[in-house]
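Q: Read in order, the letters of the sequence shown correspond to residues 1234 to 1378 in this note's numbering.
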Amino acid sequence: MTDMNPERRSNRTHTWLIVLLVVAGLFAVSGLSLHHFGGGIVTVDGQTLHDLNPFEAIIAVIVGVLATIVAVLVAIVATIFGVLMGLIGAMIGILGAFFGIFVAILVVASPFLFIALIVWLIVKATSSGNGNRPSPRDLPPPDGA
1234 MTDMNPERRS NRTHTWLIVL LVVAGLFAVS GLSLHHFGGG IVTVDGQTLH DLNPFEAIIA
1294 VIVGVLATIV AVLVAIVATI FGVLMGLIGA MIGILGAFFG IFVAILVVAS PFLFIALIVW
1354 LIVKATSSGN GNRPSPRDLP PPDGA
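(1) Please state the DSSP three-state secondary structure of leucine 1372.
(2) Should the segment 1292-1303 be regarded as contacting the segment 1328-1341, the criterion being three or more beta carbon pairs within less than 8 Å?
(3) The alpha helix (DSSP H) with serine 1343 in it runs from where to where?
(4) Between the C-alpha atoms of isoleucine 1302 and glutamate 1289, what's the straight-line distance to the nearest angstrom?
(5) Give me the Cα-Cα distance between isoleucine 1327 and valine 1305, rounded to the nearest whole angstrom.
(6) Alpha carbon to alpha carbon, what distance is there between threonine 1312 and methionine 1318?
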């Protein structure tokens, strides 16, 4: 921003001022037209907009627009959080499905695993500790000793 020439900055400032004036004019026109034609629009305290003075009608329009903007922003944030919660729920569902498949495989394989465990225990109990491998004490000494 520092290398911009002052002429360019001035044009940008004028653009923002024009935009603000146009928006303020739209608010004023909306408020005044609501004040003039708003006999059927009832405020919170039971008055119609026709009963308000023009300044209050303009304020009512500004508050209504700001409330609409806030409502849209809240809806966007709620939608984003809803999508994130949906994604988290989907991930939990996928993990649950994988866990269910794992449990199903274990249930199907459990009789075979139980039989294999019994066979392994029988073989372990009947073998002589270390099987047929001789211990280092049973081996003859090396040639150099």
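Just so you know, even glycine gets a beta-carbon here, dropped at the ideal spot from N, CA and C.
A: Once the coordinates are examined:
(1) coil
(2) no
(3) 1287-1359
(4) 20 Å
(5) 33 Å
(6) 10 Å
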